[in-house]
Ligand SMILES: [Fe+2]
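Residue numbers (the working numbering): 179 to 603.
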């Protein structure tokens, strides 16, 4: 019997709703934690969500240790610091509070303190050895504070390998948190740009999961333990892809308004969790591959309402700025899917032929970018056509993502996509 078209679904338990961070202590105790490590970044460490979670854990009788050394774009250096801290402390579980950086750092600290090995052992090949995680990890409760990464639902941890200046990661279903606790109250203090960028990252997760190569069209082992969670589009990931697009398109402007509509912000957070469960079981493709060199090569840009610091392109901004040309390229072949996505994102699809669905979707993404107030293409964040060769060289090693695309992607195609992403209006 050929099982190559089978697919496997992995999700955490999910608790969603206002006030749910207060339940983390009880959840941790029932997962068997007595001495958890609370993982966050130095900025969040002083903010209410971390205080709420810490109090809930302590009220449940747990002995809490704080690790607030998470870097916002994690590196092997910051991952290794967390791994050392976790290995030395003898913790029996992990609770992460933050964006993807905090959740991914907790996943990796959990992995290497549970199954110690050289750092590159579990890192994706060819950069690392791509070894399978040998067994279960300690329990991990993930509490997202942004509306984008969906990392609470995925078995993926992404980081920069400093020596190679390359974005890579570790992937295993073992890395999926045991429980995601998603509390809309955390979105109250999210700055406007961070909210806009993470919401557009959500749109890209859902779109890429919806349009990636279907399961069965890639050469993957059928055994659930050996198959990557990024296995290609499947009925489960499809089910969870269009709803987040509808939710972001329908709530983004109200969530960004001043004062913000908190119910709209809550719906964006729910959209991020759904999209995480979708791409976490399907994979992303070209816009994410294109984004990594953009984030890595930034020279002078810093988003307007971010605190002072080094040049930075937020992840969601780097992804959405590269997305429209990808869907123009996919064009007619993926017509019905692109059309359904455009409709979910609020476009009027009446009378649009399938051959025009890619352009319709791309135009709709540009309209969302304008509504969200993100910069007008790569030029607006300091890149020019002179940079295209270096950007292309940076994206080519992202084979895991590029091979999940429904069309063949080579250096010439990447070159054209970056040129088309320079300016949109
Ligand atoms: Fe993303």
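C-beta atoms are modelled at their ideal positions from N, C-alpha and C, and glycine is treated no differently.
So, at 6 Å on beta carbons, what are the nonlocal neighbours of residue 444 in its own chain, with the 5 sequence-adjacent residues on each side left out? Walking along the chain shown from the start, residue 444 turns up at place 266. Taken in chain order, the residues that qualify are 362.
Between the segment 267-283 and the segment 216-223, can you find at least three pairs of beta-carbon atoms closer than 8 Å? Enough Cβ pairs lie closer than 8 Å, so yes.
Report yes if the C-beta of residue 379 is less than 8 Å from at least one heavy atom of ligand 2; otherwise report no. Ligand 2 is not part of this structure, which contains only ligand 1.
Give me whichever residues DSSP pairs with residue 336 in a beta bridge. What you label residue 336 is simply residue 158 of the chain shown in a count that begins at 1. Partner(s): 347.
Assign residue 388 to one of two classes, buried (16 or more other C-beta atoms within 10 Å of its C-beta) or exposed (fewer than that). One-based indexing of the chain shown puts residue 388 at position 210. Flag for residue 388 reads buried.
Please list, in chain order, all residues with a C-beta atom less than 7 Å from at least one heavy atom of ligand 1. The set of residues whose C-beta lies within less than 7 Å of a heavy atom of ligand 1 reads, in chain order, 326, 327, 379, 382, 383, 462, 466, 493, 494, 497.
Among the candidates 370, 374, 207, whose CA atom is the shortest distance from the CA of residue 496? Stepping through the chain shown from its first residue, residue 496 is reached at position 318. Residue 496 has its Cα closest to that of 374, out of 370, 374, 207.
Can you find the residues in the same chain that come closer than 8 Å, C-beta to C-beta, to residue 298, ignoring five residues on each side of it along the sequence? Here residue 298 refers to the residue found at position 120 of the chain shown. Only 305, 306, 307 meet the Cβ criterion.
Is residue 221 helix, strand or coil by DSSP? In the chain shown, counting from the first residue as 1, residue 221 sits at position 43. Look at residue 221 here: in three-state DSSP terms it is coil, with no helix or strand label.
Look at the Cβ atom of residue 381, then the Cβ atom of residue 423, and state whether they are nearer than 9 Å. Sequence index remark: in the chain shown, residue 381 carries index 203 (1-based). Sequence index remark: in the chain shown, residue 423 carries index 245 (1-based). Cβ distance < 9 Å, so residue 381 and residue 423 count as in contact.
Identity of the residue in 327, 200, 295 nearest residue 312 by Cα: Taking the first residue of the chain shown as position 1, residue 312 is located at position 134. The shortest Cα separation from residue 312 among 327, 200, 295 belongs to 295.
Assumed close pair residue 358, residue 190 - CB separation to whole angstroms, cut-off 8 Å: Start at 1 with the first residue of the chain shown, and residue 358 comes out as number 180. Start at 1 with the first residue of the chain shown, and residue 190 comes out as number 12. Contact holds; Cβ gap of about 5 Å.
Using DSSP with H/G/I as helix, E/B as strand and the rest coil, what is residue 321? On the chain shown, position 143 is the one that residue 321 refers to. Residue state, collapsed to three classes: strand.
Could you check the C-alpha separation between residue 352 and residue 261 for me, to the nearest Å? In the chain shown, counting from the first residue as 1, residue 352 sits at position 174. In the chain shown, counting from the first residue as 1, residue 261 sits at position 83. The alpha-carbon separation between residue 352 and residue 261 amounts to approximately 17 Å.
Considering Cα atoms alone, identify which of 195, 253, 346 is closest to residue 469. Taking the chain shown and counting its residues from 1, one reaches residue 469 at position 291. Out of 195, 253, 346, 346 has the C-alpha closest to the C-alpha of residue 469.
Provide the residue span of the alpha helix (DSSP H) that contains residue 383, from first to last. Here residue 383 refers to the residue found at position 205 when the chain shown is read from its first residue. Per DSSP, residue 383 belongs to the alpha helix (DSSP H) from 370-389.
Start and end of the alpha helix (DSSP H) containing residue 542? Within the chain shown, numbered from 1, the residue matching residue 542 stands at position 364. Residues 535-550.
Could you give the distance in angstroms between the alpha-carbon of residue 258 and the alpha-carbon of residue 530? As a first step, residue 258 is located in the chain shown; it is residue number 80 there, counting from the start. As a first step, residue 530 is located in the chain shown; it is residue number 352 there, counting from the start. Just so you know, the alpha carbons of residue 258 and residue 530 end up roughly 52 Å apart.
CA-to-CA distance, residue 203 to residue 237, given in whole angstroms: Translated into the one-based positions of the chain shown, residue 237 becomes position 59. Translated into the one-based positions of the chain shown, residue 203 becomes position 25. Distance between the alpha carbons of residue 237 and residue 203 is about 7 Å.
Let me confirm a value: residue 431 is counted as buried when at least 16 other C-beta atoms fall within 10 Å, else exposed. Which label applies? For the purposes of this step, residue 431 is taken as residue 253 along the chain shown, with counting starting at 1. When all chains shown are included, residue 431 counts as exposed.
Three Cβ pairs or more, each shorter than 8 Å: is that satisfied between the segment 452-466 and the segment 478-487? Verdict: no, contact absent.
Counterpart residues of residue 203 in DSSP-defined beta bridges: Residue mapping note: residue 203 aligns to position 25 of the chain shown, counting from 1. Looking at the DSSP assignment, residue 203 forms no beta bridge with any residue, so it has no partner.
Would you mind reading off the limits of the beta strand (DSSP E) that contains residue 358? Position 180 of the chain shown, counting from 1, holds the residue named residue 358. Unbroken beta strand (DSSP E) run through residue 358: 357-360.
Based on DSSP bridge pairs, tell me the residues matched to residue 271. To locate residue 271, count along the chain shown from 1; it is residue 93. According to DSSP, residue 271 bridges with 214.
Is the separation between the beta-carbon of residue 505 and that of residue 417 shorter than 9 Å? What you label residue 505 is simply residue 327 of the chain shown in a count that begins at 1. What you label residue 417 is simply residue 239 of the chain shown in a count that begins at 1. Cβ atoms of residue 505 and residue 417: not closer than 9 Å.
Return helix, strand or coil for residue 392, following the three-state DSSP convention. As a first step, residue 392 must be located in the chain shown, where it is residue number 214. Strand, per DSSP.
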